[in-house]
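First to last, the sequence lines map onto chains A and B.
Residue 218 is where the first sequence starts when you use my numbering, and the numbers rise one by one after that.
Residue 218 is where the second sequence starts when you use my numbering, and the numbers rise one by one after that.
C-beta atoms are modelled at their ideal positions from N, C-alpha and C, and glycine is treated no differently.
Remember, it's a predicted structure, so these values are computed and weren't measured experimentally.
2 protein chains.
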Amino acid sequence: MAAPVQDAIVVFGDSLTQGGWESYGFTQRLAHDYARKLDVINRGLGGYNTEWALPVLEHILTPATERKNAPIVRILTIWFGANDSCISPSRQHISLERFSANLEQMISMVSNPESKYYSPETHILLLTPPPINTFQRGPELESRNPPRLLDREFDVTAKYAQAVRDVGSKHTLPVVDVYKALWDAVGHEEKALNKYLSDGLHLTADGYTIVYDEIMKTISQKLPKLHYDNLQQVFTPWDEVDVSNVAGSVAKRNIFK
Amino acid sequence: MAAPVQDAIVVFGDSLTQGGWESYGFTQRLAHDYARKLDVINRGLGGYNTEWALPVLEHILTPATERKNAPIVRILTIWFGANDSCISPSRQHISLERFSANLEQMISMVSNPESKYYSPETHILLLTPPPINTFQRGPELESRNPPRLLDREFDVTAKYAQAVRDVGSKHTLPVVDVYKALWDAVGHEEKALNKYLSDGLHLTADGYTIVYDEIMKTISQKLPKLHYDNLQQVFTPWDEVDVSNVAGSVAKRNIFK
């Protein structure tokens, strides 16, 4: 079995997180840049909203009594809203109020000292969902067999993004504002989002590049000790291996210099 | 902390493994295709040879007494030789005999019932190192400041690849023959390797594509139960969530159908 050699970044969310393993996806980029420092564990669940994801979080985290040999989660990204913001009667729809409450419950599981999943060493980053491009999403759904009606609306998704910002403010947590970064990148023109969204909902490589850059900007500003430049590799660089004491010189090291 | 929600593929090797997290690298591809089924844990150590990596393997695997909460390793790739095959007086050089013995010791740690790291559920895949392109490697080293002499030779690396095949035969282990696949792809013309090697040693995206395809071909043929198509997602697909019993329907599932 695999030993907890490296601490971890856990990314938790919907298809936008699951798709992070695509080439130029944000988890691929994180895994590359944090190689030999922190592992990236992807717990993205395509199609899930916060209501369905909440009980999954209990499987993903370890209760305090089950932590021996489990990797420490240094960063936990929580990125929902793209499905919660589906409009009724979609079964993925979750009310704005419930969405906020679910996010707050996820946060509480990790940061409330009375929670059995309490992890003071885990830093939460909240991500806002991207804006929707209904000019792409509408025709895409209509082309399906059978054709489907538009299931998300531009102004509705905007409100879910705002709810994430509000939850972040309330709990003094860093917010990676994917919505704002993409919206600013297209000069506030919905149709122009097709550079960053492949189908009006999911991200292109260019879209993920913005997500990654925003995450690293947030880590630089809010959690600089956890920036990859400020961590050392768990196992010593090859040109520092002491050939007269190999086992000693390649022993596991603390990533914090 | 992160729970052992998913079993794992552990990739162990040198810079060719570490670089697997590049876009279109083989670990990025594995992580993408095994998403929600198996995690990919990258233990690639740039510059390492088998002599330095051997004691690292003791940190990476768990002894039988430390396995609670540790993820089960279903597949372990072992991919060395690119540095062991450096020619004297390089400090990375390891003799052919010692290289084979080190590989055998790694295998024994996992597959010998008397080893404290014995893991009968772990399937080992051995990978051969790629052929060297001295027409790229030579000028690249010469252009450094100060200039360096060629540190690897085509025929020498070929022998280390053969040693991996021999160890595989001896222990009846599947060998992913990266060397042969690349060599065949260029019609046995060393100079043409520049399509697959960026600097005569490390792989391009095209090179990694061949590596990935060979790995998946080997899994299809030798370990079909572990092909991603034959595994189910740990957490149920979103359109199968039972909204009248969310917690029950999203409970962790066995990946084997």
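When C-beta distances to chain B are compared with 7 Å, every residue of the segment 400–432 of chain A stays at or above that value. Minimum Cα-Cα distance from Trp269 of chain A among the listed residues B:Val467, B:Leu262 and B:Asn471 corresponds to B:Val467. For Leu278 of chain A, the C-beta contacts it makes with chain B under 9 Å involve Met218, Ala219 and Ala220, in order along the chain. In this structure, the CA atom of Tyr241 of chain B is about 17 Å from the CA atom of Val257 of chain A.
Nearest CB-CB separation between Ile289 of chain A and chain B: below the 8 Å threshold. Taking 8 Å as the upper bound for CB-CB distance, Arg291 of chain A and Ile341 of chain A are not in contact here, some 11 Å apart.
Using a CB distance cut-off of 8 Å, Arg308 of chain A counts as an interface residue toward chain B. The Cβ atoms of Asn350 of chain A and Leu414 of chain A sit closer than 8 Å to each other. When C-alpha distances from Tyr429 of chain B are compared across B:Phe243, B:Ala219, B:Trp238 and B:Val222, the shortest belongs to B:Phe243.
Taking one beta carbon from each stretch, the segment 313–333 of chain A and the segment 446–463 of chain A have fewer than 3 pairs nearer than 8 Å; the two do not touch. Neighbours of Val460 of chain B in chain A, taken as residues at a C-beta separation under 7 Å, are given in chain order as Arg308.
Between the alpha carbons of Trp296 of chain B and Leu344 of chain B lies a distance of about 5 Å.
Against Gln449 of chain B, chain A offers no close residue; the least beta-carbon distance is about 14 Å (beta-carbon pairs closer than 8 Å). Excluding its 5 nearest sequence neighbours in each direction, Leu262 of chain B has C-beta neighbours in its own chain below 7 Å: Asp231, Gln235, Ala270 and Val273, listed in chain order. DSSP, read as helix, strand or coil, puts Phe473 of chain A in strand. Here Ala270 of chain A carries a helix assignment [DSSP, helix/strand/coil]. Segment contact: the segment 430–440 of chain A against the segment 389–397 of chain A, three or more CB-CB distances shorter than 8 Å; contact assigned. Between the segment 417–425 of chain B and the segment 332–339 of chain B there are fewer than three C-beta pairs closer than 8 Å, too few to call the two in contact.
The three-state reading of DSSP puts Phe352 of chain A in helix, counting H, G and I together. For Asp256 of chain A, the C-beta contacts it makes with chain B under 7 Å involve Ile258, in order along the chain. Judged by beta-carbon spacing, Leu233 of chain A lies within the 8 Å limit of Ala299 of chain A, meaning their Cβ atoms are closer than that value. Closest in C-alpha terms to Asn259 of chain A, from the list B:Asn329, B:Ser305 and B:His249, comes B:His249. According to the DSSP assignment, Ala225 of chain A belongs to the beta strand (DSSP E) that extends over Asp224 to Gly230. Contacts with chain B at 8 Å (Cβ-Cβ) do not include Arg315 of chain A.
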